[in-house]
Amino acid sequence: MIVTFDNLTKRFGDVVAVDTVNMQVQDGEFVALLGPSGCGKTTTLLMAAGIYSPSGGEIRFGDKIMNNVPPKDRNIGMVFQSYALYPHMTVYENIVFPMKLKKVPKSTMDERARQVADKMGIGDLLDRKPGQLSGGQQQRVALGRALVKQPDVLLFDEPLSNLDARLRYTMRAEIKRLQFELGITSIYVTHDQVEAMTMADRIAVMQDSQLQAFDTPAELYDRPRTLFIGGFVGNPPMNFMDVEVTGQSGNFQARRPNFNIPVAAQRGRKASDRGEVVLGIRPEDVSICAPDEAGCVAGEVYVVEPMGRDDLVGFLVADTHLYALTNAGSGLKIGDQVALRFNPDKAQFFDPKTARSLLWE
Numbered sequence: 169m170i171v172t173f174d175n176l177t178k179r180f181g182d183v184v185a186v187d188t189v190n191m192q193v194q195d196g197e198f199v200a201l202l203g204p205s206g207c208g209k210t211t212t213l214l215m216a217a218g219i220y221s222p223s224g225g226e227i228r229f230g231d232k233i234m235n236n237v238p239p240k241d242r243n244i245g246m247v248f249q250s251y252a253l254y255p256h257m258t259v260y261e262n263i264v265f266p267m268k269l270k271k272v273p274k275s276t277m278d279e280r281a282r283q284v285a286d287k288m289g290i291g292d293l294l295d296r297k298p299g300q301l302s303g304g305q306q307q308r309v310a311l312g313r314a315l316v317k318q319p320d321v322l323l324f325d326e327p328l329s330n331l332d333a334r335l336r337y338t339m340r341a342e343i344k345r346l347q348f349e350l351g352i353t354s355i356y357v358t359h360d361q362v363e364a365m366t367m368a369d370r371i372a373v374m375q376d377s378q379l380q381a382f383d384t385p386a387e388l389y390d391r392p393r394t395l396f397i398g399g400f401v402g403n404p405p406m407n408f409m410d411v412e413v414t415g416q417s418g419n420f421q422a423r424r425p426n427f428n429i430p431v432a433a434q435r436g437r438k439a440s441d442r443g444e445v446v447l448g449i450r451p452e453d454v455s456i457c458a459p460d461e462a463g464c465v466a467g468e469v470y471v472v473e474p475m476g477r478d479d480l481v482g483f484l485v486a487d488t489h490l491y492a493l494t495n496a497g498s499g500l501k502i503g504d505q506v507a508l509r510f511n512p513d514k515a516q517f518f519d520p521k522t523a524r525s526l527l528w529e
C-alpha cells in the first residue's frame, strides 16, 4: 500500500503541530519519522491512523483519500509505546480481539492467532495475562495483535522506548526482519536516531512541525541538508566550528585563529569567499597525527570516554570543543597535547544564517 501525505497540516488552535508535510511512502517500505519531542512526528502518525483529522491537505492510501475515513475502516495495525494491552484478558484474547470486532469466523480467528503467536515467539504464553509477562513479551503481544489483522499499513509509535538497551537491540532486529518478510508498508515514529538509522529504508526528519528531509539513512548521514540534521543524525553527533574558507589554484583551506586545515576542492569551492561559514566534521573523520605533519592542528585532551571498541575523546581545538573516535586503549589522558588531522574529503559546510548545507547548492 502506497501512503501519500500531500500538504498535510494540523493545527491546535493557533499552534501549528504539522506544517504542510509532503512525502510518499512506497508499497512495502519501512519509513521512520525522526525528530525531537514536539516536532510533529506523532501527530503525523495519528493523522495517518485516523485518530486526528487533518486541518489541511490530504492523506491517501493508494488512490483513496482517507481524511474522513474512521480508524476502524483503514485496515491499519498500530503498536503503541505503552503496549495498550487489556490487563484482564489473556495473551490469546488480546491477539484475537481485533478479529472479534470484525466478526472473523472463530476457526479462522484461532488459526491466525496461533500462527502469529508462533511467529512472534509467544506461542507458549497464550494463557497468560499481560501482568505475568516481561516488557519484551508484552511488546511481542502488541505487535502480534497488530499483525493478526493482516493490515495494509503498520504504524509504530515509539514502541521500544520502555525497553532496556539490550532488549531494544533485539526487538529492533525482530521488527525489521518481520517487516521485510511480510512486506507491509510501515511508518515508525522515534526520537532515537539509532533506531531510525538501523531499521528504516528512508527517514523523514522533522523539526518544529516541518519536514526537513526525506532520504536514505546513508544520504542523511553523509550529506546532511541542514545543521539540525548534521547534529541530530549520527552518534556521536557531528562537530561544528565557525571558519572562513579561502583558496587559490584549487587549494582550499578552512581557517580561524590558531586553526588552518585543507579541504577538498569540490567542497571548498562551494564555501569559499562567503565570509564566515560553519564547518561540520564527524568524530570518525578526525584523527591523531604526528605533530609536524602538514595540515594538522594542535589540540588538548579534555575528556576520554572509553566505549569498548573505540574511545570517544574530547579535544579543545582553537577555543572549540570537538570530539574524535580513536582506537581503544590509545593511552590518551586529560591534558595531553596532540595534533589532529581533519579528513579533507569529509568536511561539510553550512550557511550560518539559513543553516542549510552549501554542498547542496
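Start counting the sequence shown at 169; every next residue gets the next number (my numbering). Virtual Cβ for every residue (Gly too), placed ideally from N, Cα, C.
Sequence-distant residues of its chain with Cβ nearer than 6 Å to K209 (five each side left out): Excluding its 5 nearest sequence neighbours in each direction, K209 has C-beta neighbours in its own chain below 6 Å: L201, G203, V357, M374, listed in chain order.
Please tell me whether P459 and P512 are closer than 8 Å, where the distance is taken between their beta carbons. No, Cβ-Cβ distance for P459 and P512 is not below 8 Å.
Please tell me whether P319 and I244 are closer than 8 Å, where the distance is taken between their beta carbons. Cβ distance < 8 Å, so P319 and I244 count as in contact.
Report yes or no: do three or more beta-carbon pairs, one from the stretch 225 to 232 and one from the stretch 307 to 316, lie closer than 8 Å? Contact between the stretch 225 to 232 and the stretch 307 to 316 is not established, with fewer than three Cβ pairs separated by less than 8 Å.
Can at least three beta-carbon pairs, one atom from the stretch 500 to 508 and one from the stretch 444 to 453, be found at a separation below 8 Å? Output reads no: the stretch 444 to 453 does not touch the stretch 500 to 508.
Within 10 angstroms of the Cβ of Y491, are there 16 or more other Cβ atoms? Answer buried if so, exposed if not. Residue environment for Y491: buried (at least 16 other C-beta atoms within 10 angstroms of its C-beta).
In the DSSP output, which residue or residues are listed as bridge partners for Y356? Looking at the DSSP assignment, Y356 forms a beta bridge with A200, F324.
When the Cβ atoms of the stretch 377 to 395 are set against those of the stretch 175 to 189, are three or more pairs found closer than 8 Å? Yes: at least three Cβ pairs fall under 8 Å.
Which same chain residues end up closer than 8 Å to P520 when comparing Cβ atoms and leaving out the 5 residues on each side of it in sequence? In its chain, beyond the 5 residues on either side, D410, E444, V445, V446 have a beta carbon closer than 8 Å to the beta carbon of P520.
Among V193, S223, L176, which one has its Cα closest to the Cα of I170? Checked all of V193, S223, L176; the closest Cα to I170 is V193.
With a threshold of 8 Å on Cβ separation, who are the neighbours of K344 within its own chain once the five nearest residues in sequence on each side are excluded? Taken in chain order, the residues that qualify are F198, T366, M367.
Given a threshold of 16 other Cβ atoms within 10 Å of its Cβ, counted over all protein chains shown, does P222 qualify as buried or as exposed? Within a 10 Å sphere around the beta-carbon of P222 sit 16 or more other beta-carbons, which makes this residue buried.
Can you list, in chain order, the residues of its chain with a C-beta nearer than 6 Å to that of L335? Leave out the 5 residues immediately preceding and following it. Once the five neighbours on either side are set aside, the close Cβ partners of L335 are G304.
Is it right to say Q421 is buried, meaning 16 or more other beta carbons lie within 10 angstroms of its own, or is it exposed? With 16 or more Cβ atoms within 10 Å of its Cβ, Q421 is classed as buried.
Is A285 helix, strand or coil by DSSP? Looking at A285 - three-state DSSP - the assignment turns out to be helix.
Length of the line joining the Cα atoms of E279 and F348: In a straight line, the C-alpha of E279 is about 22 Å away from that of F348.
With respect to the alpha helix (DSSP H) encompassing L435, which residues constitute its N-terminal and C-terminal limits? It should be pointed out that residue 435 corresponds to Arg in this sequence rather than to Leu. First-last of the alpha helix (DSSP H) with R435: 433 to 439.
At the level of alpha carbons, what is the spacing between L323 and I219? If I take the Cα positions, the gap works out to 12 Å.
Between the stretch 386 to 397 and the stretch 475 to 494, are three or more C-beta pairs nearer than 8 Å? With the cut-off at 8 Å, the stretch 386 to 397 and the stretch 475 to 494 do not touch.
For S455: DSSP bridge partner residues: Answer by DSSP bridge pairing, in chain order: R509.
Would you grab the beta carbon distance between Y254 and D295 for me? Rounded to a whole angstrom, and I think it's under 8 Å. So it is not a contact: roughly 15 Å between Cβ atoms.
Just to confirm my understanding: we take G418, look at its own chain, exclude 5 residues before and 5 after, and list those with CB closer than 6 Å. What are they? Take G418, set aside five residues on each side of it, and the residues of its chain with a beta-carbon closer than 6 Å to its own are A433, in chain order.
Which same chain residues end up closer than 6 Å to T264 when comparing Cβ atoms and leaving out the 5 residues on each side of it in sequence? The sequence given here places Val at residue 264; Thr does not occur at that position. Same-chain partners within the cutoff: M277, A281.
Per the DSSP calculation, V445 is bridged to which residue(s)? BP columns for V445 point to V411.
Using the beta-carbon count (16 or more within 10 Å), is F550 buried or exposed? Within the shown structure, residues of the chain are numbered from 169 to 529, placing residue 550 beyond reach of any answer.
Of the choices W528, M215, K501, whose alpha-carbon is the least far from that of D435? Going by the sequence as given, residue 435 is Arg instead of Asp. Nearest C-alpha to R435: W528.
Here's the rule: buried if 16 or more other CB atoms are within 10 angstroms of the residue's CB, otherwise exposed. What is T494? T494 counts as buried, since no fewer than 16 other beta carbons sit within 10 angstroms of its beta carbon.
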